[in-house]
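Q:
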Amino acid sequence: MDPNPGPVPVYGYRVLNTYPHDPQAFTQGLLFHDGRLYEGTGLWGRSSLRAVDLETGNVQQQHNLEQRYFGEGLTLWQDRLIQLTWRSRIGFVYDRATFTLLQTFTYPTEGWGLTHDGQRLILSDGSDRLSVLDPETFQVLGQIPVREGTTPIPRLNELEYIKGEIWANIWLDHRIARIDPQTGQVVAWVNLAGLEPAVQDNPDAVLNGIAYDAEGDRLFVTGKLWTHLFEIDLVPPP
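Taking UniProt numbering, the leading residue of the sequence shown gets 1, the next gets one more, and so forth.
(1) According to the neighbour-count rule (16 or more other Cβ atoms, all chains shown, within 10 Å of its Cβ), is Ala205 buried or exposed?
(2) I need the straight-line Cα distance from Gly216 to Asp233, nearest angstrom please.
(3) Considering Ser131, what are the terminal residues of the beta strand (DSSP E) in which it resides?
(4) Residue range of the beta strand (DSSP E) that Pro41 falls in?
(5) According to DSSP, is Gly184 helix, strand or coil?
(6) Hey, would you say Ser124 sits closer than 7 angstroms to Leu159, going by beta carbons?
(7) Could you tell me the alpha carbon to alpha carbon distance between Leu65 and Asp128, rounded to whole angstroms?
(8) Determine the direct distance from the alpha carbon of Lys224 to that of Leu192, and round the result to whole angstroms.
(9) Under three-state DSSP, which class holds Asn202?
(10) Taking the alpha-carbon of Tyr19 as reference, which of Glu231, Val235, Pro238 and Pro236 has the nearest alpha-carbon?
(11) Check Pro145 in the structure and name its three-state DSSP category.
(12) Kindly indicate the opening and closing residues of the beta strand (DSSP E) around Leu192.
(13) Considering only residues of the same chain and omitting the five flanking positions on each side of Asp213, which have a CB-CB separation below 6 angstroms?
(14) Are the region 141-156 and the region 99-110 touching by the rule of at least three beta carbon pairs closer than 8 angstroms?
(15) Taking all protein chains shown into account, do 16 or more other C-beta atoms lie within 10 angstroms of the C-beta of Gln67, making it buried, or fewer, making it exposed?
(16) So which of Pro236, His116, Asn17 and His63 has the shortest CA-CA distance to Leu195?
(17) What's the C-alpha gap between Leu121 and Gly42?
(18) Have a look at the DSSP bridge pairing and note the partners of Ser48.
(19) Using 8 angstroms for Cβ pairs, my map puts Ala188 next to Tyr11. What's the rounded Cβ distance?
(20) Can you look up Ala25 in the DSSP assignment and give me helix, strand or coil?
(21) State the start and end residues of the unbroken beta strand (DSSP E) segment that holds Gln103.
(22) Considering only residues of the same chain and omitting the five flanking positions on each side of Arg89, which have a CB-CB separation below 8 angstroms?
(23) Val8 by DSSP, collapsed to three states: which one?
(24) Cα-Cα, which of His21, Gly45, Arg50 and Pro154 is closest to Thr98?
(25) Would you kindly work out how many angstroms separate the C-alpha atoms of Arg36 and Pro152, rounded to a whole number?
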């Protein structure tokens, strides 16, 4: 039996608000909590953890990673910020308020995106599989193969957990995949083509960064080296 009969719906978008974004920020992780954006940035020698004012884009707090680390995905677990690195296979746990480093941990794959479902951490590594980790011990509990029907969906990147779904940027793609965490099936796509035309000439400046404000039911997206961060609303398929 086909696990996903019929075409997967493709949503469009409507821009509700546009905010400044640091064009030097190679966005690898993004989240919204208590009125502020938290952003993890990458590149060798430029990787950081930041607290950012939404309205102005100003960096209010920053911790720079050592030059040997390439920063990646970011999530907030309880009152701790957890940040991945790309190929070092080392993660960092910080106090949310002070950015004090509390501990490090290891994981067996590359680190790309990170989120959680309230019980487990969910990690992407650029493949078509998501790893599920214990948020206290960081032990790998299992994997979620991501498929559209029977077709694997590789290059899973930045992650956000929204209303029972895993939302995933796809590296080098202008779409976001909305994934059922129980089955790994893509239940919908969000097509964000044309959102930031100012960076079309830079092949590295790809869509990456999804943040959800659960209290205000607001959805924010941006990209690597983008000059703007956007609050968007989804437009259902016709």
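C-beta: ideal position from N, C-alpha, C; glycine also. Quick caveat, the model's predicted, so the values are computed rather than measured.
A: Result, derived from the coordinates:
(1) buried
(2) 13 angstroms
(3) Arg129 to Leu133
(4) Reading the sequence as shown, one finds Thr at residue 41 and not Pro. Note, Thr41: beta strand (DSSP E), Arg36 to Thr41.
(5) coil
(6) yes
(7) 28 angstroms
(8) 14 angstroms
(9) coil
(10) Glu231
(11) strand
(12) Run containing Leu192: none; DSSP gives neither H nor E here.
(13) Phe32
(14) no
(15) exposed
(16) Asn17
(17) 20 angstroms
(18) Thr41 and Asn64
(19) 6 angstroms
(20) coil
(21) Leu101 to Thr106
(22) Thr106, Tyr107, Pro108, Thr109, Glu110 and Gly111
(23) coil
(24) Arg50
(25) 35 angstroms
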